[in-house]
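*Asks:* I'd like to ask you about the structure that follows.
In my numbering, the protein residues as written are 11 to 156.
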């Protein structure tokens, strides 16, 4: 009979109280409010860095196109001229496909450029997908000195 009494006592003592669970939930909430904003900020920085690298990569393909064809593609030919031949005899294929920027938007191309009148402008509208902006929403172009 003594064994039954110990089992009943142990059964009542197992598990967590509501207060203990609430304390853990509050601690997790406080930690997440301190950590998550920093993680999202790092993701924005990574996307901006990738966009700059992508602009540089496509810019290199445009420079190769110019070396082979003696001019950059026109604005109407666009970046698609790097993937499919727009009728140039020296065209050799420069990219397999035109990628989107890290936010899923198309890169913008203009020739002659506003920022580079003797060349071209190549840019991403950034996080907001619209002209202008600040921070990760600012335009990222081949004219950036950063």
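Cβ coordinates follow ideal geometry from the N, Cα and C atoms, glycine included.
1) Tell me the rounded alpha-carbon separation between residue 135 and residue 25.
2) Taking the C-alpha atoms as reference points, what is the distance between residue 157 and residue 139?
3) If you drop the 5 nearest sequence neighbours on each side, which residues of the same chain put their C-beta closer than 6 Å to that of residue 105?
4) Does the segment 115-124 come into contact with the segment 81-89, if we say contact requires no fewer than three beta-carbon pairs (one atom in each stretch) closer than 8 Å?
5) Look at the Cβ atom of residue 133, then the Cβ atom of residue 116, and state whether they are nearer than 8 Å.
6) Tell me whether the beta-carbon of residue 153 lies closer than 8 Å to the beta-carbon of residue 126.
7) Taking only three categories from DSSP, how would you classify residue 151?
8) Based on DSSP bridge pairs, tell me the residues matched to residue 52.
9) Determine the burial state of residue 137: buried for a count of at least 16 other Cβ atoms within 10 Å of its Cβ, exposed for fewer.
10) Quick check on DSSP: helix, strand or coil for residue 42?
11) Just the C-alpha distance for residue 100 and residue 75, rounded to the nearest angstrom, thanks.
12) Within the continuous beta strand (DSSP E) that includes residue 119, where are the two ends?
13) Around the C-beta of residue 42, are 16 or more other C-beta atoms found within 10 angstroms, so that it is buried, or is it exposed?
*Replies:* Result, derived from the coordinates:
1) Counting from one through the chain shown, the residue named residue 135 turns up at place 125. Counting from one through the chain shown, the residue named residue 25 turns up at place 15. Going by the C-alpha atoms only, they are around 54 Å apart.
2) No answer is possible for residue 157: it lies beyond the span of the chain, which begins at 11 and ends at 156.
3) For the purposes of this step, residue 105 is taken as the residue at position 95 of the chain shown. Residues of the same chain with a CB within less than 6 Å of the CB of residue 105, apart from the 5 flanking positions on each side, are 71, 92, 93 in chain order.
4) The segment 115-124 makes contact with the segment 81-89; the number of CB pairs closer than 8 Å reaches 3 or more.
5) Here the question's residue 133 lines up with position 123 in the chain shown. Here the question's residue 116 lines up with position 106 in the chain shown. Contact: no.
6) Locating residue 153 in the chain shown gives position 143, counting from the first residue. Locating residue 126 in the chain shown gives position 116, counting from the first residue. Cβ distance < 8 Å, so residue 153 and residue 126 count as in contact.
7) Indexing the chain shown from 1 puts residue 151 at position 141. Looking at residue 151 - three-state DSSP - the assignment turns out to be strand.
8) Within the chain shown, the letter at position 42 stands for residue 52. Per DSSP, none; premise fails for residue 52.
9) Numbered from its first residue, the chain shown carries residue 137 at position 127. With a 10 Å radius around the Cβ and a threshold of 16 neighbouring Cβ atoms, residue 137 comes out buried.
10) Working through the chain shown from its first residue, we reach residue 42 at position 32. It is helical.
11) Numbered from 1 along the chain shown, position 90 holds the residue referred to as residue 100. Numbered from 1 along the chain shown, position 65 holds the residue referred to as residue 75. In this structure, the CA atom of residue 100 is about 9 Å from the CA atom of residue 75.
12) Along the chain shown, read from residue 1 onward, the residue named residue 119 stands at position 109. It spans 118-120 - the beta strand (DSSP E) in which residue 119 sits, taken as one unbroken run.
13) Indexing the chain shown from 1 puts residue 42 at position 32. The residue is exposed, with fewer than 16 neighbouring Cβ atoms inside 10 Å.
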